[in-house]
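Q:
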Amino acid sequence: MDKKDFWISVLNRLQPTIKKAHFLTWFQNTTIVEKKNGTVTVGVPTTFAQNWISAKYDVKILQSVQELDSSITKIAYEVVGKLSDEGNHDAVDVRTISSVEDDQKKVRKVRDLNEVIVARGSSTRVSSQMMNDRYKLGNFVVGLDNRLPHAACQAVSSIPGGIYNPLYIYGSVGLGKTHLLQAVGNEILKKYPDKIVKYITAERFVTEIVEAISKRYMKSFKEQYRNVDCFLIDDVQFFARKDSSQQEFFYTFNELYDGNKQIVLTSDRAPSELQELDERLKSRFGMGMVVEILPPDFETRLAILGQKCAEYEMIVDPEILYLIANNLTGSVRGLEGVLKQVSADCRLFDKVPTIRSVAEIIKRTNRAQKIIGYDSDLDEKAKIVKSAMDVIQIVASYYNVTVEDVIGKDRHGDVMLPRQVSMYLIKNELGESYEKIGEGFGGRNHTTVMHACNKTAKELRTNLRLVKTVNAIKRDMGL
Ligand code: ADP
Ligand code: MG
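Take the sequence shown: its letters are residues 432 to 910, numbered as in this note's numbering.
Okay, structure coming up:
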């Protein structure tokens with residue numbers, strides 16, 4: 432078996448254990464560079480992929496490799512840029528790996544450890560809601576306005592059923608209540624794997640009660656809460672006007688509370704402001720610790736954006752983050768929404784986000800009229816770029832070299848970069864063909880141009896300085 436076939440066999444074993452989207456993203460265009468002395472060196476196309484795969488999938492890869500060759504004891508990684516070139520023969524196209532399509536069920540088995548634990552105490556007829564393992568206390572950005580709820584959640588996670596019981600967190604939408612609530616659950620499960628954590632939204636609780644009553648299995652409904660150690664209930668304002676559900680919830684609450692089980696609740700308002708809720712429930716809700724979560728201030732918004740960029744593995748010019756943080760002041764969900772859109776545009780169109788393109792996104796998603804920190808007049812005045820020569824002129828003046836330098840044959844370091852950036856922009860912004868660009872640059876071969884464009888695109892994924900440069904140039908181009 433040659434190295435490539437060996438890798439395909441490994442990928443076939445690996446694929447059912449990894450979520451499809453992740454598998455396709457991270458293992459596309461990978462290969463085996465070397466296999467000797469007990470080590471397999473996996474070739475990956477980018478530094479991002481290398482960091483991610485080695486951090487997340489190292490053990491799984493080693494296990495799959497060992498199933499085929501037990502003499503291997505170590506996996507190493509190496510970035511091989513040319514793997515992402517189209518038609519590279521070493522790179523494995525993972526879209527061809529068998530059964531990628533129908534892996535949903537298999538993945539659940541391997542991935543959802545939480546679900547197994549969460550559901551253990553439940554009757555088979557009543558399901559438990561899944562927690563998202565992305566929500567952690569560690570990736571919740573703490574600022575002045577959410578320090579208290581975060582600290583309370585930390586305390587509850589280290590000593591469930593301690594002094595902060597029940598813990599009641601309230602605040603308006605998109606401020607991180609669900610994040611904190613599930614983070615408590617995830618944290619407790621990590622620290623105490625034997626504990627049974629139950630997460631449910633009040634809305635779902637009501638639906639389940641209604642169903643249990645109509646199908647006559649109230650007994651098993653009640654039973655499922657008997658063994659719970661930590662009960663997390665989201666958006667309790669939903670109980671308003673649901674009298675029989677309130678009753679049932681009241682019993683469940685009391686039983687757990689009397690058994691010293693931890694209860695955490697969230698809501699969009701303070702307990703006293705919950706209208707049409709049983710007075711007894713209101714007073715129970717306020718019995719332990721009540722904390723409000725407030726919209727984050729500018730610095731915290733900026734820090735959250737930074738954290739999300741790291742999660743999306745995206746490099747964004749800080750100026751753009753300022754623009755987003757300045758304009759989206761209400762909820763964190765709004766901040767995240769804009770950033771997700773920016774990231775999608777980046778990935779789909781392989782473009783570097785600019786102040787102007789992000790301002791457009793903010794306008795579109797928030798129906799904002801005026802964007803703070805963005806002067807559209809400046810852009811109106813920018814030179815309208817129509818030809819390749821316009822682009823070359825702007826790039827040349829930005830780098831302080833001449834047009835002749837950019838087009839010429841000199842391979843000096845100072846002119847190579849402006850040349851590559853010009854080719855990249857002419858290709859991406861004007862949509863010119865590699866052949867045409869080659870002709871314009873003194874009759875160069877189209878593969879040379881392609882190489883320059885790919886190199887720049889790749890560099891833009893990791894090099895913040897280049898991102899800033901391309902941004903500034905694009906701004907001069909009126910983009
Ligand atoms: P809520 O339940 O209050 O409506 P969520 O918990 O659903 O809000 O939060 C909305 C989004 O914002 C989630 O993706 C969450 O991860 C994110 N988020 C909110 N606050 C923070 C924070 N302080 N740090 C990091 N992410 C946050
Ligand atoms: Mg929520």
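Glycine is no exception: its CB is placed at the ideal position from the N, C-alpha and C atoms. Note that this is a predicted model, so its numbers are computed, not measured.
Would you kindly report the start and end of the unbroken alpha helix (DSSP H) that includes K491?
A: Segment 489-499, the alpha helix (DSSP H) holding K491.
Q: Counting along the chain, where does the beta strand (DSSP E) carrying A671 start and finish?
A: Premise fails: A671 is in no beta strand (DSSP E) and is neither H nor E.
Q: Whose C-alpha, out of E642, R565, T893, K434, is nearest the C-alpha of N482?
A: Looking at the Cα atoms, T893 is the closest of the given residues.
Q: Closer than 7 Å: is that where the CB of K567 sits relative to any heavy atom of the ligand MG?
A: K567 Cβ: outside cutoff for every heavy atom of the ligand MG.
Q: Nearest by alpha-carbon distance to I503: which of T472, G518, V523 is it?
A: The residue with the shortest Cα to Cα distance from I503 is T472.
Q: Taking contact to mean 3 or more Cβ pairs, one atom from each stretch, closer than 8 Å, check whether the segment 732-752 and the segment 703-722 are in contact.
A: With a cut-off of 8 Å, the segment 703-722 and the segment 732-752 do not count as touching, because too few Cβ pairs lie within range.
Q: When DSSP builds the beta bridges, which residues end up paired with G474?
A: Answer by DSSP bridge pairing, in chain order: T462, E509.
Q: Given the structure, does K608 come close to the ligand MG, in the sense that its CB is under 7 Å from one of the ligand's heavy atoms?
A: Yes, the Cβ of K608 comes within 7 Å of a heavy atom of the ligand MG.
Q: Between which residues of its own chain and I904 is the CB-CB distance below 8 Å, once the five residues before and five after are set aside?
A: Excluding residues within five positions, the ones whose Cβ falls inside 8 Å are I825, V826, Y829, V852, L856.
Q: Closest by CA to D660, which one among I528, S485, S651, V587?
A: Out of I528, S485, S651, V587, V587 has the C-alpha closest to the C-alpha of D660.
Q: Could you give the first and the last residue of the continuous alpha helix (DSSP H) run that contains V816?
A: Where V816 is concerned, there is no enclosing alpha helix (DSSP H), given that its DSSP letter is neither H nor E.
Q: Give me the Cα-Cα distance between L579 and I724, rounded to the nearest whole angstrom.
A: Using only the alpha carbons, I get a separation of about 8 Å.
Q: Is it buried or exposed for E730, if we count other Cβ within 10 angstroms and need 16 for buried?
A: Exposed: under 16 other Cβ atoms inside 10 Å.
Q: Please name the residue or residues paired with I600 in a DSSP beta bridge.
A: Bridge partners of I600: T697, V722.
Q: On the DSSP bridge assignment, give the partners of F662 in chain order.
A: The partner list for F662 (beta bridge, DSSP) reads K629, I694.
Q: Compute every distance between the C-beta of Q738 and the non-hydrogen atoms of the ligand ADP, then say whether any falls below 7 Å.
A: True, at least one ligand heavy atom lies under 7 Å from that Cβ.
Q: Shortest alpha-carbon distance to L598 belongs to which of P624, F716, S774, D500?
A: L598 has its Cα closest to that of F716, out of P624, F716, S774, D500.
Q: Would you mind sorting V441 into buried or exposed? The rule is 16 or more other CB atoms within 10 Å of its CB.
A: With 16 or more other Cβ atoms within 10 Å, it is buried.
Q: Going by C-alpha to C-alpha distance, which of V789, N885, A883, I600 sits closest to S703?
A: Nearest of V789, N885, A883, I600 to S703, Cα basis: I600.
Q: Helix, strand or coil: how does DSSP classify K739 here?
A: In this structure, K739 counts as helix in the three-state DSSP scheme.
Q: Please state whether DSSP places R556 in a helix, a strand or coil.
A: Unreliable placement is indicated for R556, whose pLDDT of 28 sits below 50; the coordinate value is still reported in the next sentence. Coil, per DSSP.
Q: Determine the DSSP secondary structure at K434, reduced to helix, strand or coil.
A: Three-state result, K434: helix.
Q: Per DSSP, what kind of secondary structure is K840 in: helix, strand or coil?
A: Coil.
Q: Per DSSP, what kind of secondary structure is K653 in: helix, strand or coil?
A: Reduced to three states, the DSSP call for K653 is helix.
Q: Just list the residues that DSSP pairs V523 with in beta bridges.
A: Note: V523 sits in a beta bridge opposite T461.
Q: Relative to the ligand MG, is the shortest distance from any of its heavy atoms to the C-beta of D907 smaller than 7 Å?
A: No, the ligand MG has no heavy atom inside 7 Å of this Cβ.
Q: With a threshold of 8 Å, are at least 3 pairs of Cβ atoms found where one atom belongs to the segment 785-798 and the other to the segment 753-762?
A: Counting Cβ pairs under 8 Å, three or more are found: they touch.
Q: Could you have a look at K467 and say whether DSSP puts it in helix, strand or coil?
A: Three-state result, K467: strand.
Q: Decide if F636 is buried, meaning its Cβ has at least 16 other Cβ atoms within 10 Å, or exposed.
A: When all chains shown are included, F636 counts as buried.
Q: May I ask which residues mark the beginning and end of the alpha helix (DSSP H) holding S714?
A: Run containing S714: 710-716, per the alpha helix (DSSP H) assignment.
Q: Between the beta-carbon of N460 and the beta-carbon of A522, is there less than 8 Å?
A: Against a cut-off of 8 Å, the Cβ pair of A522 and N460 comes out as a contact.
Q: Considering only their Cβ atoms, is the gap separating V721 from V911 smaller than 8 Å?
A: The structure shown does not extend to residue 911, since the chain is modelled only from 432 through 910, so no value can be given for it.
Q: Taking contact to mean at least 3 C-beta pairs separated by less than 8 Å, is the segment 621-641 in contact with the segment 669-678?
A: Short answer: they touch.
Q: Under the three-state reduction of DSSP, which class applies to L705: helix, strand or coil?
A: Reduced to three states, the DSSP call for L705 is coil.
Q: Do V525 and T455 count as a contact pair if the criterion is CB distance below 8 Å?
A: Per the sequence presented here, residue 455 reads as Leu, with Thr not at that position. Yes, these two residues count as a Cβ contact at 8 Å.
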